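Worksheet: one structure, shown below.
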Amino acid sequence: MTKSNIKNQGLNSSRRDLLKLMGAASALPLLGACSSLGGPSRKDLSARVVVVGGGFGGATAAKYLKRNAPDLDVTLVEPNKVFYTCPFSNLVLAGMRTMDSISHNYNELRELGVRVVHTTAQDVDPVSRTVSLGDGSSIRYEKLLLSPGIDIRWNAIEGYDQAAAEQAPHAWKAGDQTRLLRRQIEAMDDGGVFVLTAPANPFRCPPGPYERASLVAHYLSQHKPRSKVLILDAKDNFSKQGLFMKGWKDVHGDRIEWVGLSGDGKVTRVDAGKREVETEFGTIHKASVLNVVPPQKAGFIADRAGVTNESGWVPVDPVTFESTQVKDIYVVGDATIAAPMPKSGFAANAQGKVAAAAIIAALEGQRPLEPSWANTCYSLINPEYGISVAAVYRIQEGLIHESSGGVSPSDANATFRKLEADYASGWYSAITQDTWGTRR
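Residue numbering for the sequence shown follows the UniProt record's numbering, beginning at 1 and increasing consecutively.
In structure tokens, the structure reads:
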């Protein structure tokens, strides 16, 4: 807590207002350096821009490209007609929300004039500037923006492949896996153990596994009070660790046990059929429900486009989010290397707007202005107990740096925790309306 306490000195009195603004108001990045967003484009453009991926980053980019340069020919390629968000999917697992409440469509984008094509992007040819589609057709582009999200590194943990995920779901892509894990939680016997394995960094949504553990524990406390949650973690430190651990103690008592890397928490083998995992030093853990959150990488179309590096993620120009490896291809969201920005929905939304502004500037022959971004990650310990981390990011010496921010006060009272839980709902409503035009 040392770093956050230093950052929060003198700021606690205004933190409520900051979080309320960032959570309940529109989820815009800080756009002093991208001031063309929200105003008319400087001249008519008719170039073709193709966006692949309709999540927080891609849908936002397509929307803001068309809104701010109406003459642009913008096509969004997204296989799913309904997009389910990972944010708030943990609430579905806990029975606090329905799948419908985290579903979003593309009607608003169509109304703006974005052509939405529901198929997969199979390949990218940067020389001919074409994207090959799953229906056998192809589409040319002048600028390409990829927001491919993540793919799972199958077999990075021995025994954990696609077949194993049907018995020990990851649920790290919302949809069918979320439904499967929810059914397993509902069906588990009282007195059973929900085992969650968390990967080493980097991965999508750093606080996500710990919020999931919290909300599963909340469900168990109501419906299976003799059951417990065991977290086996491949690292010794995680996002908002102090706040989570205090919340677990205050709310859940001894229902949640966390085992870090140094305590033999790294899982090296999975037997999904037996619902067993083996850790680095040979310890076997048996689960009633086994939730494996495995190592990840950029979505496969990033590989096909040639924009990933040896890490499996995508290096980008921090000012424009253009690939540093392939010209005229921009990448936003979880697939990117944009640390210290987290792989979060809020960050993807902000990056999508910055990349949209950079594409418009490039097509107009203008230099991109220097951006800055904001991010807030809310997490729930239970429906009445919220915690958060907030930060502002700016460019310094050509790199992204965190210029200000911090976490919720460790000594906050119940009223403050309830307000943060409310702000989380406000944030979700605001950002989904901003991204897809659907407010939940």
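Glycine included, every Cβ here is placed at the ideal spot set by N, Cα and C. Predicted model, so just to flag it, every value in this text is computed and none were measured.
Three or more beta-carbon pairs drawn from the segment 234-251 and the segment 196-213 are found closer than 8 Å, and the two stretches are therefore classed as touching.
Note that the C-beta distance between SER147 and GLY345 is not below 7 Å. Look at LEU196 here: in three-state DSSP terms it is strand. Leaving aside the five residues that flank SER89 on each side, the residues in its chain whose CB is nearer than 8 Å to its CB run, in chain order, ILE102, ALA171, ALA174, THR178.
Within the segment 185-267, the complete alpha helix (DSSP H) runs of at least 4 residues fall at 208-223, 241-247. Boundaries of the beta strand (DSSP E) around TYR385: 385-396.
Collapsing the DSSP output to three states places ILE359 in a helix. DSSP, reduced to helix, strand and coil, places SER128 outside both helices and strands of the structure shown, so it counts as coil. Straight across, the Cα-Cα distance linking ILE284 with VAL251 is about 28 Å. Residue environment for PHE194: buried (at least 16 other C-beta atoms within 10 angstroms of its C-beta).
A buried status is given to ASN375, since no fewer than 16 other beta-carbon atoms sit within 10 Å of its beta-carbon. For HIS104, the pairing in a beta bridge is given by DSSP as PHE83. Take the alpha-carbon of LEU180 and the one of PRO294: they are about 17 Å apart.
DSSP places ASP334 in the helix class (H, G or I) of the three-state scheme.
Nearest to ALA47 by C-alpha distance, out of GLY405, LEU72, GLY53, TYR64, is LEU72. Secondary structure of ARG275 (DSSP, three-state): coil. The way I'd put it, the segment 121-132 doesn't touch the segment 262-279; fewer than three beta-carbon pairs between them come closer than 8 Å.
For GLY136, there is no enclosing alpha helix (DSSP H), as DSSP gives it neither H nor E. At a Cβ-Cβ threshold of 7 Å, ASP161 and GLY299 do not count as neighbours. The three-state secondary structure of ILE329, taken from DSSP, is strand. For ALA374, the enclosing beta strand (DSSP E) covers residues 372-382.
Boundaries of the alpha helix (DSSP H) harbouring ASP434: 414-436, taken from the DSSP string. Sequence-distant partners of ARG439 (beyond 5 residues in either direction) whose C-beta falls short of 7 Å from its own C-beta, in its chain, are SER429, THR432, GLN433. In this structure, SER214 is the residue among THR268, GLY260, SER214 with its C-alpha nearest to the C-alpha of GLY253.
Taken through DSSP and simplified to helix, strand or coil, LYS63 comes out as helix.
Per DSSP, ASN155 is not a residue of any beta strand (DSSP E), being assigned neither H nor E.
Under the three-state reduction of DSSP, ARG110 is assigned to helix.
Around the C-beta of PHE281, fewer than 16 other C-beta atoms lie within 10 Å, and the residue is accordingly described as exposed. For ALA305, the enclosing alpha helix (DSSP H) stretches over residues 300-305. By the 16-neighbour rule on beta-carbons within 10 angstroms, LEU76 is buried. Taking the Cβ atoms as the reference, VAL74 lies roughly 7 Å from VAL51, within the contact range of under 8 Å. In the three-state DSSP reduction, GLY95 falls in the coil class, being neither helix nor strand. Taking HIS218 as the centre and dropping the five residues before and after it, the same chain places the C-beta of ALA94, ASN382 closer than 6 Å to its C-beta, in chain order. Sixteen is the threshold: when 16 or more other Cβ atoms of the shown chains lie within 10 Å of the Cβ of GLN351, as they do, the residue is buried. In this structure GLY134 touches THR120 by the C-beta definition: roughly 4 Å separates them, less than 8 Å.
Between the beta-carbon of ILE359 and that of VAL49 there is about 6 Å, and that keeps the pair under the 8 Å contact cut.
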